[in-house]
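Position 51, counted from 1, in the sequence shown is what numbering that gives the first Met the number 0 calls 50; the numbers after and before it change by one each time, with no gaps.
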Amino acid sequence: MEKIKFITAFGEIVAEIRREYSPKTVELLLDFLPMKYNVPIWLWGQEIFFFLPDFLKEKIDYENAKVDLQIWDIAYWVRDPAICLFFGKTPISGNKKNPVAAEPINIIGKIIQGKEILTKLTKGDLILMVKG
């Protein structure tokens, strides 16, 4: 199984790529990696996200996009573009126990290692995404 890593000051988060969810999205993102520089993260409830270069908007479109997600999902946010890592509820999850995205996003994988790091990260911490 292919993997990607998210490198932070607190350690590495590892995810398995799941091509079956969004194969075109995964292929284009893997072609883009490794990122050339660290970028700051943002938080929205128990979701961490970080922005990617705008040129990806022209290459990656909605693909089996969903708003109802599972904890530990990793997804590509088409509109901005960004990578989203879910480790709990978002502000619009309401009574649901799982995360709900603000708009449809393409699921690309699952976090399998370094889950505890997600709760240590705060807005502005730096992250780097590379092939694992």
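Backbone N, C-alpha and C fix where the C-beta goes; we use that ideal spot for every residue, glycine too.
Keep in mind it's a predicted model, so treat the numbers as computed, not measured.
- The shortest CA-to-CA distance from Asn-97 to any of Leu-68, Pro-80, Ile-111 and Cys-83 is the one to Leu-68.
- By the CB criterion at 7 Å, Gly-108 and Ile-59 fall outside the cutoff.
- The closest CA to that of Glu-46, considering only Gly-131, Val-129 and Ile-116, is found on Ile-116.
- Under the three-state reduction of DSSP, Asp-124 is assigned to coil, being neither helix nor strand.
- Counting along the chain, the unbroken alpha helix (DSSP H) around Glu-26 starts and ends at 22–31.
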